[in-house]
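Under my numbering, the first residue of the sequence shown carries the number 16, and numbering increases by one thereafter.
In what follows, a single structure is set out as structure tokens and then discussed.
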Amino acid sequence: SLTRPHRTVFMRAIEACDLHWQDPHLQHIITEDHYNNYCYHDNLDGCLFDSRGWPLWHEHVPTACARVDALRSHGYPKEALRLAIAIINTLRRQQQKQLELFRGHKKELLHRGVTSVTNLEGWVGHPLDPIGTLFGTLMETGWGSDDGATLYFSAGTCRKTENHVYMPLPFLEEGETFMSLAVETALIGLGQQRVMPDGLYAQEKVCRNEEQLLAKLQEVDLDEMLVKIFRKQATLLLEAGPYSGLGEILYRESVPMHTFAKYLFTSLLPHDAELAYRIALRAMRLPVLESTASSADLSRPQHIVSVVSNRYPRWFTLSHIESQQCELASTMLTAAKGDSCRLHTVLESIQKNIHSSSHIFKLAQDAFKIATLMDSLPDLTLLKVSLELGLQVMRLTLSTLNWRRREMVRWLVTCATEVGVFALDNIMQNWFTLFTPTEATSVVASTIMSNSTIVRLHLDCNQQEKLANSARTLALQCAMKDPQNCALSALTLCEKDHIAFETAYQIVLDSAATGMNYTQLFTIARYMEHRGYPMRAYKLATLALTHLNLSYNQDTHPAINDVLWACALSHLLGKNELAAVIPLVVKSVKCATVLSDILRRCTLTTPGMVALHSRRNSGKLMSLDKAPLRQLLDATIGAYINTTHSRLTHISPRHYSEFIEFLSKARETFLMAQDGHTQFTQFIDNLKQIYKGKKKLMMLVRERFG
16 SLTRPHRTVF MRAIEACDLH WQDPHLQHII TEDHYNNYCY HDNLDGCLFD SRGWPLWHEH
76 VPTACARVDA LRSHGYPKEA LRLAIAIINT LRRQQQKQLE LFRGHKKELL HRGVTSVTNL
136 EGWVGHPLDP IGTLFGTLME TGWGSDDGAT LYFSAGTCRK TENHVYMPLP FLEEGETFMS
196 LAVETALIGL GQQRVMPDGL YAQEKVCRNE EQLLAKLQEV DLDEMLVKIF RKQATLLLEA
256 GPYSGLGEIL YRESVPMHTF AKYLFTSLLP HDAELAYRIA LRAMRLPVLE STASSADLSR
316 PQHIVSVVSN RYPRWFTLSH IESQQCELAS TMLTAAKGDS CRLHTVLESI QKNIHSSSHI
376 FKLAQDAFKI ATLMDSLPDL TLLKVSLELG LQVMRLTLST LNWRRREMVR WLVTCATEVG
436 VFALDNIMQN WFTLFTPTEA TSVVASTIMS NSTIVRLHLD CNQQEKLANS ARTLALQCAM
496 KDPQNCALSA LTLCEKDHIA FETAYQIVLD SAATGMNYTQ LFTIARYMEH RGYPMRAYKL
556 ATLALTHLNL SYNQDTHPAI NDVLWACALS HLLGKNELAA VIPLVVKSVK CATVLSDILR
616 RCTLTTPGMV ALHSRRNSGK LMSLDKAPLR QLLDATIGAY INTTHSRLTH ISPRHYSEFI
676 EFLSKARETF LMAQDGHTQF TQFIDNLKQI YKGKKKLMML VRERFG
């Protein structure tokens, strides 16, 4: 495992105290324009000069660049430039050596498939900003001279203009300029494989420093020479193995290359599309999200957690990194429009490397927008890529919570509609891997079967029927799996097919005893009445009543309207239906005011006034002395008595007047019975005896009821 030496904020300052400038090689570098290996005879190990005889400076890179910065800030720009060129030539030589070293061990490293990071301390985001220092030194391209002129240097040139003197400078290759050297330095630094530092500030600094360097690079117009450098460095970065952030094998905690690769991709695309795509596709990796923590105990579900939350150090900038990964993918998708082979490759990369459902959804939407631009015909290949990404989002979010899930489902149906009828049929055939039963019926199938979708697709009768069959099959499967939430949608979708409708109704009946509550059953019962099936509605209403329990004090319960509707439906169907439903009501409802309301409604009209065959029933009003209304009347009186005692147990003076009104309603119900007056008088007398301690209340009772 990676171990870092313990360092404090004072370590660099302490180390800086030991720096000196007396090294003869360093002195020659910063003071001589033509210093080479012919001038120096102590280069026994070959580390002071390269094969061309140009001087090298081997020192900790940030420290060496700090020397350059110190020379610039203390008025030695020429010396700073000389040292900067020596450092850059050293970096380029080191890059070649690392490439050769990797090639020698490539088979072994690729076989292992993992690597350790080669740089604990990255140059981009470093507190001493080494790459920024080298870049700035070179881009200044000159310094003031005694006569007020400015000296500019480029290899192989020596000319004078009115205001500037151009002079040749050694240690630059033919055609090379300070600008090209600065650009190459930035590319080397940005492509370095480096470990993500600890701490929020350090991680933000890495991102910020990278963006600052790229912003400076974007100000440079690419000419033929710079494109050549881009090609060279891109190829080296792809082949440099563990020394490059774009190498074949990547350390798990390496700083991702997404932002840098996006810049390389857009720069190289007009000149070398193949290389541009190789760079971008290689950079799509985000290995920190691809493996689980080795310390996790996978036998315990609670330990299977996100690797990011379970690792050390934490990646505080992960959301920014993932958004940059998404931007890179979006840039590739946009560029690949019209090229089916490249689109397929980019799609595979997205599916493999992007783990955030929100970012994949954004890419799917981006691809859809690009594919359906108004000024051209839809790009079917890009539409299919968009659909594939949408399907992956559905699979990723099926078993996890996502607040945008409903939007995602609706969008997928829209996308599939644009692709064509085969895509819609496919998502309905495979709904169980993509949607919950509720989503499949209430959103997917309902939207697909809507008139607007049919018109949009220009379907003929056979195609419409095939799509409808798929929707009905889906609806029945969903109703079987989740009858509580899907039964009503299934019935609605199956309305035009008698066999399917009967099957859906049977699923409801089979599930009524155990799988459905009274609210769901009442809703389906009302739907059945609306569709013209009153007996089925009655059957479902009676099943709903068996699940209901209304206590004495629930006089505002939301199910009251359903109970009244069920009783009204039974009353309209006939005496037998009413006789069957009243025992269920008496068992389920203990609320006196609800029972008295039902009782009055049943006594106002004759049962069966709207019978099954719409014939008028000339029968008499039902008697309160005979079943079934006698049972209902007794239950209502009993409910008033029980409710009265319950109220008196904890009554306060401010509720006395309300209680008296309640007794008045109770008396109306008592008087509906033949001996109701006697029963009510006995009831009041009992109250006076039992609750004689509540003198004020009993006085009010006597005033009203005697």
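In this text, a Cβ means the ideal position worked out from N, Cα and C, and glycines have one as well.
Check: Extent of the continuous alpha helix (DSSP H) to which residue 513 belongs; Outcome: 513-527
Check: Burial state of residue 34, where buried means 16 or more other Cβ atoms lie within 10 Å; Outcome: exposed
Check: Unbroken stretches of the alpha helix (DSSP H), 4 residues or longer, contained in the stretch 324-355; Outcome: 333-350
Check: Per-residue burial, residue 528 [other beta carbons within 10 Å of its own, 16 or more giving buried]; Outcome: exposed
Check: Whole-number beta carbon distance between residue 456 and residue 493, since they are thought to touch under 8 Å; Outcome: 5 Å
Check: Beta-carbon gap between residue 301 and residue 291 smaller than 7 Å; Outcome: no
Check: Residues near residue 121 in its chain [Cβ-Cβ closer than 7 Å; skip 5 each side]; Outcome: 256
Check: Local Cβ density within 10 Å of residue 437, reported as buried at 16 or more and exposed below that; Outcome: exposed
Check: Strand pairing of residue 565, partner residues [DSSP]; Outcome: 604
Check: Meets three-Cβ-pair contact criterion under 8 Å: the stretch 196-209 and the stretch 225-233; Outcome: yes
Check: Of the listed residues 140, 211, 236, nearest to residue 224 (C-alpha basis); Outcome: 140
Check: Sheet register partners of residue 207 (DSSP bridge); Outcome: 259
Check: Whole-angstrom C-beta distance between residue 598 and residue 535, which should lie under 8 Å; Outcome: With 8 Å as the limit, residue 535 and residue 598 do not qualify as a contact, their Cβ atoms being about 23 Å apart.
Check: Near the ligand COA: residue 414 beta-carbon under 6 Å from a heavy atom; Outcome: In the structure on display, the ligand COA does not appear, and there are no ligands present to speak of.
Check: When 297, 676, 708 are compared against residue 664, the one with the closest alpha-carbon; Outcome: 708
Check: Minimum C-alpha distance to residue 155 - residue among 194, 373, 511; Outcome: 194
Check: Distance, residue 78 Cα to residue 69 Cα; Outcome: 21 Å
Check: Closest residue to residue 31 among 85, 44, 39, 72 (Cα-Cα distance); Outcome: 85
Check: Cβ pair count under 8 Å reaching 3, the stretch 352-360 against the stretch 392-411; Outcome: yes
Check: Residue 269, DSSP secondary structure in three states; Outcome: strand
Check: First through last residue of the alpha helix (DSSP H) which encompasses residue 701; Outcome: 691-705
Check: Residues that residue 70 bridges to, as DSSP identifies them; Outcome: 64
Check: Inside the stretch 103-157 only - alpha helix (DSSP H) runs reaching at least 4 residues; Outcome: 145-154
Check: Delimiting residues of the alpha helix (DSSP H) encompassing residue 580; Outcome: 575-588
Check: With 16 other Cβ atoms within 10 Å as the buried cut-off, status of residue 23; Outcome: exposed
Check: Touching by the beta-carbon criterion (3+ pairs, under 8 Å), the stretch 612-620 and the stretch 655-673; Outcome: no
Check: Environment of residue 704 [buried if 16+ CB atoms lie within 10 Å]; Outcome: exposed
Check: Helix, strand or coil at residue 450 [DSSP, three-state]; Outcome: coil
Check: Chain-order list of residues whose beta-carbon lies under 7 Å from that of residue 601 (same chain, five-residue window excluded); Outcome: 646, 647, 650
Check: Same chain only: Cβ atoms within 8 Å of residue 425, ignoring 5 sequence neighbours per side; Outcome: 458, 462
Check: Proximity of residue 658 and residue 583 at Cβ, strictly below 7 Å; Outcome: no
Check: Residue 545 versus residue 523 - alpha carbon distance; Outcome: 17 Å
Check: Residue 37 in three-state terms, based on DSSP; Outcome: coil
Check: Collapsed DSSP secondary structure at residue 163 in the structure displayed; Outcome: Confidence at residue 163 is low in this model, with a pLDDT of 33, below 50, so its placement is unreliable and the value that follows should be read with caution. If DSSP states are grouped into helix, strand and coil, residue 163 belongs with coil.
Check: With 16 other Cβ atoms within 10 Å as the buried cut-off, status of residue 25; Outcome: exposed
Check: Beta-carbon contacts of residue 570 that lie in its chain and below 7 Å, excluding the five residues immediately before and after; Outcome: 606, 608, 609
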